[in-house]
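Enquirer: Dropping the structure in here first, questions after.
In UniProt numbering, the protein residues as written are 1 to 159.
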C-alpha cells in the first residue's frame with residue numbers, strides 16, 4: 001500500500017513540473033520544443049511611460065503676418081501662444097486660422113497677384129506640404145510656394 005501512495009505523490013510532483021514549462025501553442029508539455037519557465041518570462045514588459053499628444057495653432061493678421069505655436073499640451077495653450085506671437089509683430093487683429101493635434105500643418109501662398117493660399121494639416125510634413133500645394137494650385141490656377149511647415153509632435157512622459 002505504501003508503494004502506491006509513494007507512486008501517487010511522485011506522479012503529482014511530475015505533473016506539477018510538466019505544468020511549469022513554456023510550450024508553444026499546440027505542443028504537449030514535456031516535448032523537446034518546450035523550454036523551462038524563467039522568472040523573466042512573466043508576461044509583457046511594464047511600460048516605462050506614455051506618449052502625450054501635443055497641440056499646435058496658427059494665428060494670422062489681415063496684413064498676412066503669422067504666429068505659429070506647436071508642442072503645447074492643450075488646445076487653449078496653443079491658441080493663446082499663436083495669438084501672442086502674431087500680436088508681438090505689432091498686429092491688433094490676429095485671429096486663429098487653424099488648430100491641430102498630433103499632426104503637421106503647411107501654409108502655402110499663391111503666386112503674386114493671385115488668391116488661393118491654403119493651410120492644410122496632414123500626418124507628416126511632406127504630406128501636409130504636397131496637399132497644400134495641390135489645393136493652392138487648383139484654386140489659384142498658378143504655382144504656389146510654401147510659407148511654412150510645422151509639426152505638433154508627441155512627447156514621451158516617463159513614469
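Glycine residues also receive a C-beta, built at the ideal position from the N, C-alpha and C atoms.
(1) Pick from 83, 159, 136: whose alpha carbon is nearest that of residue 120?
(2) Using a Cβ-Cβ cutoff of less than 7 Å, which residues in the same chain neighbour residue 82 once the five nearest sequence positions on both sides are dropped?
(3) DSSP beta-bridge partners for residue 74?
(4) From the DSSP output, read off the bridge partner residues of residue 49.
(5) Whose C-alpha, out of 124, 152, 159, 112, is nearest the C-alpha of residue 143?
(6) Between residue 104 and residue 53, what straight-line distance do the alpha-carbon atoms span, to the nearest angstrom?
(7) Could you give the distance in angstroms between the alpha-carbon of residue 17 and the alpha-carbon of residue 157?
(8) Could you give the residue range of the beta strand (DSSP E) that holds residue 29?
Expert: The relevant details are as follows:
(1) Minimum Cα distance to residue 120 is reached at 136.
(2) 57, 58, 59, 67, 68, 69, 96
(3) According to DSSP, residue 74 bridges with nothing at all.
(4) 158
(5) 112
(6) 12 Å
(7) Only weak support exists for where residue 17 lies, its pLDDT of 49 falling under 50; the value from the coordinates is given anyway. Straight-line Cα distance between these residues: approximately 42 Å.
(8) From DSSP, residue 29 is part of no beta strand (DSSP E); its letter is neither H nor E.
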